[in-house]
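In what follows, a structure is listed as structure tokens, so that the remarks can point back to it.
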Amino acid sequence: MPHIFRTPLLTLLGIFALLNAAFSQLTLRVTAIPMNTPAGANIHAVGTFNNWVPGDPNTVLTPLGNGQYSITLNPPAGEVKFKFTRGSWATVEGNANGGYLPDRVLNYSGQPTTVNLTILSWEDLGGSNTTAASNVSILSNNFYMPQLNRNRRIWIYLPPDYHTTTKKYPVLYMHDAQNLFDAYTSFSGEWEVDESLNTLHQQGDYGCIVVGIDNGPGNERLNEYSPWVNTEYNAGGLGDEYVEFIAATLKPHIDSTFRTLPGRTTTGIMGSSMGGLISMYAFSERQDVFSRAGIFSPAFWFGGTNPAAHVAANPREGEARVYFLAGGQEPASVTQNMQGVAAAMTTAGFLNNEKYTLTPADGQHSEWFWRREFPAAYVWLFAGAVSSAGDVPTTGTTIGVYPNPAGSWVRFSGVEADDKVEVQIANAAGRRIRSVTLSGGEALWTGDLKPGFYVLKLRKPGGKWQTVKLVRQ
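With the sequence shown counted from 1, adding 1280 to any position gets you the working numbering.
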């Protein structure tokens, strides 16, 4: 009798083994490539899974858009060794300095696995003219901006310990990226953001990811860096779309691809001249996204009286830090307009210690000036944002939300019935849906929300904002 069932049992085990092999996949996803990667180059995965054939047409990575590439392999469980090439051993990837990189090694479990990786350099291109540090990469040469229906190059700076720790980092978004990291791409010198942050890191700074967005050609820069049209220049008016691109498209991509601290208290924005104007606008308009802003030599004159009026009309929503900088040798109107916007912050309810104004006598409207002042501004802006353990400081009693996942109503825990609770609801893209103030005993209506993920910001009046992810069933 046992002999009768032996063959079917073995057959079933064989089928299960085949099914397991079919679904045991290893996906290698490249999230950033060297800035000097030739346009249109094929990137190959080369390793124990293809007998180390450097130009194997079956192991070409698939471009995913926005600077990402991937390939799915079916290696047996165990040690997997591999590298990336552009089709030959002469074009193999290198280490952070453009030199020899040992084989990458993974201990593959045999279960479906996705691994995110960064290509730091190519050995044959290590001697390029770039002055950017080795931990600066081009995230994408053609990142799509749906709000503006155009593409743009995006740079990313990762802290020196990004690949050797599991830390999560604050993020600083910056404009005019051609001038931030590389003298080779700059118009009139670079800010040396990468060198400055690397030096601060050696001195004990926690670290910060910087995302640089290239400015557009011609009038695109003026159009995107101001929500207001300047009739004299016949430019401006696309600032809302540009800010929405950062908040709703670029930031979610960065947060899903890299180890970030995505909350508002660990997210900043910075720029100079027109970049200062749009940074201030983004800060005031999207306080749910940004709580730190660096405003260097701002071109508030371009928007007339609108910049100050806009700041005054957007009340303080939580802890903030804004660093204002202008040079003593710039036109007096630059400093005057800047002081007017700083005063408007007081009207909006910001505290005096939440803004800092500096006007060095020798300062000019120039990259050398902004380069010199960047480290001090960065340190002030992110002071206290993250503990040495990577925790975001919180104070006060935590407000809970239940049930979560939610139906038509949710209620609050951690508050008394007569307490007031300020609530902001935003969708998964960060767009605010509504704001309301309730008593601790009241329920929050969620019946009009479509199924999906939402972000609730909660606080007692005058207290610290806290963020809760809400799932609507």
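For each residue, glycine too, the CB sits at the ideal point set by N, CA and C.
Delimiting residues of the beta strand (DSSP E) encompassing Ala1706: In the sequence shown, counting from the first residue as 1, residue 1706 sits at position 426. Per DSSP, Ala1706 belongs to the beta strand (DSSP E) from Lys1700 to Asn1707.
Residue range of the unbroken alpha helix (DSSP H) whose run includes Val1310: Position 30 of the sequence shown, counting from 1, holds the residue named residue 1310. First-last for Val1310: Leu1306 to Ala1312, but that is the beta strand (DSSP E), not the alpha helix (DSSP H).
The region 1415–1435 contacting the region 1304–1315, beta-carbon criterion three pairs below 8 angstroms: Counting Cβ pairs under 8 angstroms, three or more are found: they touch.
Close-in-space but distant-in-sequence residues of the same chain around Asn1594 (CB under 8 angstroms, 5 per side omitted): One-based indexing of the sequence shown puts residue 1594 at position 314. Taken in chain order, the residues that qualify are Ser1564, Glu1565, Gln1567 and Ala1628.
Whole-angstrom C-beta distance between Val1490 and Val1473, which should lie under 8 angstroms: Here the question's residue 1473 lines up with position 193 in the sequence shown. Here the question's residue 1490 lines up with position 210 in the sequence shown. About 6 angstroms separates the Cβ atoms of Val1473 and Val1490, confirming a contact at the 8 angstroms cut-off.
Distance, Asp1520 Cα to Glu1512 Cα: Here the question's residue 1512 lines up with position 232 in the sequence shown. Here the question's residue 1520 lines up with position 240 in the sequence shown. The alpha-carbon atoms of Glu1512 and Asp1520 are separated by roughly 20 angstroms.
Sheet register partners of Lys1591 (DSSP bridge): Taking the first residue of the sequence shown as 1, we reach residue 1591 at position 311. According to the sequence as given, residue 1591 is Val; it is not Lys. In DSSP, Val1591 forms no bridge with anything.
Cβ neighbour criterion (16 or more within 10 Å) applied to Thr1352: Position 72 of the sequence shown, counting from 1, holds the residue named residue 1352. Taking a 10 Å sphere around the C-beta of Thr1352, we find fewer than 16 other C-beta atoms and assign the residue as exposed.
Touching by the beta-carbon criterion (3+ pairs, under 8 angstroms), the region 1547–1560 and the region 1322–1337: Flag = no, the region 1547–1560 and the region 1322–1337 do not touch.
Candidates Ser1368, Leu1397 and Tyr1522, of which the one nearest Glu1403 by Cα: As a position in the sequence shown, residue 1403 is number 123, starting the count at 1. When each option's Cα is compared against that of Glu1403, the closest is Ser1368.
For Val1716, the three-state DSSP class (helix, strand or coil): Within the sequence shown, numbered from 1, the residue matching residue 1716 stands at position 436. Residue state, collapsed to three classes: strand.
Sequence-distant residues of its chain with Cβ nearer than 7 angstroms to Tyr1388 (five each side left out): As a working mapping, residue 1388 is identified with position 108 in the sequence shown. In chain order, Leu1306, Pro1355, Ala1357, Gly1358 and Val1360 place their CB closer than 7 angstroms to the CB of Tyr1388, counting only its own chain and leaving out the 5 sequence neighbours on each side.
Nonlocal neighbours in the same chain, by C-beta distance under 7 angstroms from Lys1748, ignoring five residues either side: In the sequence shown, the residue the question calls residue 1748 occupies position 468. Here the sequence assigns Val to residue 1748, which means Lys is not the residue at that position. So the list reads Val1681, Leu1736 and Leu1738, once near-sequence residues are dropped.
For Asn1316 and Glu1634, the rounded distance between their alpha carbons: Position 354 of the sequence shown, counted from the start, is the residue given in the question as residue 1634. Position 36 of the sequence shown, counted from the start, is the residue given in the question as residue 1316. Rounded to the nearest angstrom, the two C-alpha atoms are 40 angstroms apart.
For Lys1740, the nearest candidate out of Gly1664, Arg1714 and Ser1693 (CA to CA): Position 460 of the sequence shown holds residue 1740. Considering only alpha carbons, the answer is Ser1693.
Buried versus exposed call for Thr1465 [16 or more other C-beta atoms within 10 Å across all chains shown]: Here residue 1465 refers to the residue found at position 185 of the sequence shown. Under the 10 Å beta carbon count, Thr1465 is surrounded by 16 or more other beta carbons and is classified as buried.
contact_flag[the region 1429–1438, the region 1452–1460] where n(CB pairs < 8 angstroms) is 3 or more: Enough Cβ pairs lie closer than 8 angstroms, so yes.
Beta-carbon proximity check, Ala1686 vs Leu1750, cutoff 8 angstroms: Residue mapping note: residue 1686 aligns to position 406 of the sequence shown, counting from 1. Residue mapping note: residue 1750 aligns to position 470 of the sequence shown, counting from 1. Yes, Cβ-Cβ distance for Ala1686 and Leu1750 is below 8 angstroms.
As assigned by DSSP and simplified to three states, the class of Gly1379: Counting from one through the sequence shown, the residue named residue 1379 turns up at place 99. In the structure shown, Gly1379 falls within a coil segment according to DSSP collapsed to helix, strand and coil.
Reduced DSSP category for Trp1435 - H, G, I as helix; E, B as strand; rest coil: Numbered from 1 along the sequence shown, position 155 holds the residue referred to as residue 1435. In the structure shown, Trp1435 sits in a strand (DSSP, three-state: E or B).
Residue range of the unbroken beta strand (DSSP E) whose run includes Val1666: Position 386 of the sequence shown holds residue 1666. Boundaries cannot be given for Val1666, as no beta strand (DSSP E) includes it and DSSP labels it neither H nor E.
Integer Cβ distance of Gly1670 from Asp1699, believed to fall under 8 angstroms: The count along the sequence shown starts at 1 and reaches residue 1670 at position 390. The count along the sequence shown starts at 1 and reaches residue 1699 at position 419. Not a contact, Cβ separation roughly 31 angstroms.
Contact under 8 angstroms by Cβ, Val1614 with Val1591: Residue numbering aside, residue 1614 sits at position 334 when the sequence shown is read from its first letter. Residue numbering aside, residue 1591 sits at position 311 when the sequence shown is read from its first letter. Taking C-beta atoms as the reference points, Val1614 and Val1591 fail to come closer than 8 angstroms.
Stretch-stretch touch, CB-based, cutoff 8 angstroms, three pairs: the region 1720–1733 with the region 1650–1669: No, the region 1720–1733 is not in contact with the region 1650–1669.
Own chain partners of Glu1610 with C-beta closer than 8 angstroms, once the 5 adjacent residues on each side are dropped: Within the sequence shown, the letter at position 330 stands for residue 1610. Excluding residues within five positions, the ones whose Cβ falls inside 8 angstroms are Ser1577, Gly1643, Gln1644 and His1645.
Run of the beta strand (DSSP E) containing Arg1711, from where it starts to where it stops: For the purposes of this step, residue 1711 is taken as residue 431 along the sequence shown, with counting starting at 1. Arg1711 -> no beta strand (DSSP E), and no H or E assigned at all.
Assigned exposure category for Thr1540 - 16 Cβ within 10 Å defines buried: In the sequence shown, residue 1540 corresponds to position 260, counting from 1. By the neighbour-count definition (other C-beta atoms within 10 Å, threshold 16), Thr1540 is a buried residue.
Reduced DSSP secondary structure (H/G/I, E/B, other) of Leu1502: Position 222 of the sequence shown, counting from 1, holds the residue named residue 1502. Helix at Leu1502.
Coarse secondary structure for Trp1369, derived from DSSP in three states: On the sequence shown, residue 1369 is found 89 positions in, with the first residue counted as 1. Three-state result, Trp1369: helix.
Between the CA atoms of Tyr1636 and Phe1570 - distance to the nearest angstrom: For the purposes of this step, residue 1570 is identified with residue 290 of the sequence shown, where counting begins at 1. For the purposes of this step, residue 1636 is identified with residue 356 of the sequence shown, where counting begins at 1. Each residue's Cα considered, the two are about 17 angstroms apart.
Straight-line gap, Lys1744 to Gly1598 (C-alpha atoms, nearest Å): The residue you call residue 1744 lines up with position 464 of the sequence shown. The residue you call residue 1598 lines up with position 318 of the sequence shown. The straight-line gap from Cα to Cα measures roughly 6 angstroms.
C-beta atoms of Gly1335 and Leu1452 nearer than 8 angstroms: Here residue 1335 refers to the residue found at position 55 when the sequence shown is read from its first residue. Here residue 1452 refers to the residue found at position 172 when the sequence shown is read from its first residue. Contact flag unset, no.
Ser1688, buried or exposed, once every other Cβ within 10 Å from all chains shown has been counted against 16: To locate residue 1688, count along the sequence shown from 1; it is residue 408. It is exposed - the Cβ of Ser1688 has fewer than 16 other Cβ atoms within 10 Å.
Closest by C-alpha distance to Val1716, when choosing among Glu1702, Thr1726 and Ala1706: Sequence index remark: in the sequence shown, residue 1716 carries index 436 (1-based). For the residues Glu1702, Thr1726 and Ala1706, the minimum Cα distance to Val1716 belongs to Glu1702.
Pick from Gln1753, Glu1470, Pro1392 and Asn1429 that is closest to Glu1653, judged by C-alpha positions: Here residue 1653 corresponds to residue number 373 of the sequence shown, with the count starting at 1. Cα-wise, what sits closest to Glu1653 is Glu1470.
Proximity below 8 angstroms, CB of Phe1582 to CB of Ser1506: Here residue 1582 corresponds to residue number 302 of the sequence shown, with the count starting at 1. Here residue 1506 corresponds to residue number 226 of the sequence shown, with the count starting at 1. Contact flag set, yes.
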